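>
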Amino acid sequence: MSQQSPVLVNPLKEGIRIERAGEPCAMIIFGAHGDLTKRKLIPALYALYIEGFLPREFCVVGMSRTKMTDDDFRAAMRNALQQFAPDIPFDAAKWDRFASGLYYLPGYFDKPGGLDDLAEFLKTLEERHGTAGNNLYYMSTPPSLYNPILDRLLESKLNQRHQQQGALSPWPRIIVEKPFGRDLQTAVALDEHLHTVFHEDQIFRIDHYLGKETVQNIMVLRFANGIFEPLWNREHVDHVQITNAETIGVEGRGAYYEEAGNMRDMIQNHMLQLVSLVGMEPPISLSAEATRDEKSKVLRCIRPIDLSRINEFAVRGQYGPGYIAGQPVPGYRQEPGVDPASNRETFTALKLHIDNWRWAGVPFYVRSGKRLAKHVTEIAVHFKRAPHRLFNLAFTGAAETIGPNVLVMKIQPDEGISLKFATKQPGTTTRLRWLSMDFNYGAAFGERTPTAYERLIHDCMIGDATLFSRADAVEASWELISPVLEKWESEAPGDFPNYAAGTWGPAESDVLLQPDGDMWRTL
Ligand code: BG6
29 MSQQSPVLVN PLKEGIRIER AGEPCAMIIF GAHGDLTKRK LIPALYALYI
79 EGFLPREFCV VGMSRTKMTD DDFRAAMRNA LQQFAPDIPF DAAKWDRFAS
129 GLYYLPGYFD KPGGLDDLAE FLKTLEERHG TAGNNLYYMS TPPSLYNPIL
179 DRLLESKLNQ RHQQQGALSP WPRIIVEKPF GRDLQTAVAL DEHLHTVFHE
229 DQIFRIDHYL GKETVQNIMV LRFANGIFEP LWNREHVDHV QITNAETIGV
279 EGRGAYYEEA GNMRDMIQNH MLQLVSLVGM EPPISLSAEA TRDEKSKVLR
329 CIRPIDLSRI NEFAVRGQYG PGYIAGQPVP GYRQEPGVDP ASNRETFTAL
379 KLHIDNWRWA GVPFYVRSGK RLAKHVTEIA VHFKRAPHRL FNLAFTGAAE
429 TIGPNVLVMK IQPDEGISLK FATKQPGTTT RLRWLSMDFN YGAAFGERTP
479 TAYERLIHDC MIGDATLFSR ADAVEASWEL ISPVLEKWES EAPGDFPNYA
529 AGTWGPAESD VLLQPDGDMW RTL
């Protein structure tokens, strides 16, 4: 494949690593007929291609049970690219060159010998595309197929480095999509199985939140600047609020959501990743292990939730019918694929304590939910108030409160950073106003932000696991939430649905903050 476009330099990546194209490889997508391939993976690969980050020696093999020819697959992917990734500049000639490396092979992962055809085909592709025997497997199937696929990879020796022109090929690698298990026990079992087939340094557990520019920027903000870190501790931080609010419902994924629920879908992975990035100590270097060591320590320091007082630390909710943007929407129990008496949570709020030197006594409030009033994901660090109220109510006016400084890292949709602070209102008297100093990514950098999948697939191709979850962190997060889930699943909530679509979740989530005198931010 030839590469036409110059490499676009993204200034936000500067200093983290030198940009380079991924290593030669064939990427094998198991579950290629599913949504993820067309919505995320192929658009990400095409964007990497036009921006010069794909190796020349590259091809894709899509595998699923569905019967399709290479041409059918290419045509479906072309349509999907235009439908789901309209912001990626489409160029028919470039697409054709890219698509000439897309192949499709029907596959039966649960049958012995189900990957023998693939093993043969990869040999042909290795010669045709010069992929050097490097195979990148992408598990994009329902989790029930993970174990059979791992068995088939082992059986067909596709997990092994093999002889290639007298030398051993450098690597097979595997990207595993969440959910990594459904509780601690199944997560450990999955890891054990993965480790019988691959070494830990070949396993890339993907959490797309870690590929978001704004999430990567948390470390840059904290550790590349001198002014924040001295304040980033119990002396100066009052509490931290992490909000993930979605206006969408379960979007036709009712059956999956009935199995998962919000805690498994969002908290175990994405939200706890954010907690660990905000809470971590500076790593000794930017190496994958140094960074992941620090993140993992944070998760291991989170105080287990006291199940005898669970309502003081964990709140669950489920949406009923309501209105989103003025339009009526059904409740969760009315969604296709959902049990009309379902007790599955679509909202979670947690009060967490990180029991270590830096964070002792500082609550971390985390909330995530579907069908909430607004689409926004952010991290708000609430600083302690000024120790002495020199400017009292007389200066702020009866309607104003003397608020704390709040640093907000806006993950989406209006990516940026803002700092709320007090300022003097112009005039002959001294009146205070709370204003925000805002930095907006779009306005500042004005270039298309790579999607999380672009960043993460590229990282896997260069063998950088920094932005992937490590087994110990996954297990630490299950250790925290599994007992809560068990308790919830053994006791019917009794009040579901307990929030209307288009609101900010159940009233109990506000009560969670009250003992500490805190309130959720108005977003
Ligand atoms: C996915 C969840 O992992 O993340 C979805 O399965 C959720 O339920 C999505 O909607 C949210 O991702 P983002 O990037 O839109 O915040």
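Just so we're aligned, residue 29 is where the sequence shown starts under my numbering, counting upward by one. All residues carry an ideal CB built from backbone N, CA and C; glycine is no exception. This one's a predicted model, so the numbers in the text were calculated from it and none came from an experiment.
(1) Considering PHE449, what are the terminal residues of the beta strand (DSSP E) in which it resides?
(2) Go to PRO358, then tell me how far its beta strand (DSSP E) extends in each direction, as first and last residue.
(3) Measuring only from the beta carbon, is GLU274 closer than 7 angstroms to any heavy atom that is part of ligand 1?
(4) State the CB to CB distance for the pair LEU300 and SER168, rounded to an integer number of angstroms; the pair is presumed to be in contact (CB under 8 angstroms).
(5) So, do the stretch 496-512 and the stretch 145-152 have three or more beta carbon pairs nearer to each other than 8 angstroms?
(6) What residue does the beta strand (DSSP E) around ARG395 start on, and which one ends it?
(7) Give the straight-line distance between the Cα atoms of GLY254 and TRP123, rounded to the nearest whole angstrom.
(8) Using the Cβ count rule (16 or more neighbours within 10 Å means buried), how would you classify VAL557?
(9) Compare the C-alpha of SER197 against each of THR65, THR159, HIS223 and TYR284 and name the closest.
(10) On the DSSP bridge assignment, give the partners of VAL268 in chain order.
(11) Assuming ILE382 contacts VAL326 under a Cβ cut-off of 8 angstroms, what Cβ separation, rounded to an integer in Å, is found between them?
(12) Does the structure place the stretch 242-254 close enough to the stretch 301-321 that three or more beta carbon pairs sit under 8 angstroms?
(13) Count the other CB atoms within 10 Å of the CB of ASP211; is the residue buried (16 or more) or exposed (fewer)?
(14) Count the other C-beta atoms from every protein chain shown that fall within 10 angstroms of the C-beta of ASN290, then say buried if there are 16 or more, exposed otherwise.
(15) Would you kindly report the start and end of the unbroken beta strand (DSSP E) that includes GLN6?
(16) Is MET294 near ligand 1, in the sense that its beta carbon is under 7 angstroms from a heavy atom of that ligand?
(17) For LYS379, name the three-state secondary structure that DSSP assigns.
(18) ASP134 by DSSP, collapsed to three states: which one?
(19) Buried or exposed: where does PRO200 fall if 16 or more other Cβ atoms within 10 Å of its Cβ makes it buried?
(20) Does the distance between the C-beta of THR405 and the nearest non-hydrogen atom of ligand 1 fall short of 7 angstroms?
On the basis of the data shown:
(1) As a working note, residue 449 is residue 421 in the sequence shown. Residues 444-453.
(2) Taking the first residue of the sequence shown as position 1, residue 358 is located at position 330. Per DSSP, PRO358 belongs to no beta strand (DSSP E) and is neither H nor E.
(3) In the sequence shown, the residue the question calls residue 274 occupies position 246. Yes, since a heavy atom of ligand 1 falls inside the 7 angstroms radius drawn around the Cβ of GLU274.
(4) The count along the sequence shown starts at 1 and reaches residue 300 at position 272. The count along the sequence shown starts at 1 and reaches residue 168 at position 140. LEU300 to SER168, Cβ: 23 angstroms. No contact.
(5) Put simply, the stretch 496-512 does not touch the stretch 145-152. Fewer than three CB pairs are less than 8 angstroms apart.
(6) If you number the sequence shown from 1, residue 395 lands on position 367. Segment 391-397, the beta strand (DSSP E) holding ARG395.
(7) Taking the first residue of the sequence shown as position 1, residue 254 is located at position 226. Taking the first residue of the sequence shown as position 1, residue 123 is located at position 95. C-alpha separation (whole angstroms): 45 angstroms.
(8) The structure shown does not extend to residue 557, since the chain is modelled only from 29 to 551, so the question has no answer here.
(9) Locating residue 197 in the sequence shown gives position 169, counting from the first residue. Ranking THR65, THR159, HIS223 and TYR284 by Cα distance to SER197 puts THR159 first.
(10) Counting from one through the sequence shown, the residue named residue 268 turns up at place 240. Bridge partners of VAL268: PHE392 and VAL409.
(11) Locating residue 382 in the sequence shown gives position 354, where the first residue counts as 1. Locating residue 326 in the sequence shown gives position 298, where the first residue counts as 1. Between ILE382 and VAL326, the beta carbon gap of about 6 angstroms places them in contact (Cβ cut-off 8 angstroms).
(12) Touching, per the Cβ criterion.
(13) Position 183 of the sequence shown, counted from the start, is the residue given in the question as residue 211. Buried is the call here.
(14) Here residue 290 refers to the residue found at position 262 of the sequence shown. ASN290 is buried by the Cβ-count criterion.
(15) For residue 6 there is no data in the structure shown, the boundaries of the chain being 29 and 551.
(16) Reading the sequence shown from its first residue, position 266 is the one you call residue 294. Yes, the Cβ of MET294 comes within 7 angstroms of a heavy atom of ligand 1.
(17) Taking the sequence shown and counting its residues from 1, the one referred to as residue 379 is at position 351. In this structure, LYS379 counts as strand in the three-state DSSP scheme.
(18) Here residue 134 refers to the residue found at position 106 of the sequence shown. Note on residue identity: the sequence assigns Pro, not Asp, to residue 134. Here DSSP, grouped into helix, strand and coil, assigns PRO134 to strand.
(19) Against the sequence shown, residue 200 aligns to sequence position 172. Per the 10 Å Cβ criterion, buried.
(20) Counted from its first residue, the sequence shown places residue 405 at position 377. Distance from the C-beta of THR405 to the nearest heavy atom of ligand 1 is below 7 angstroms.
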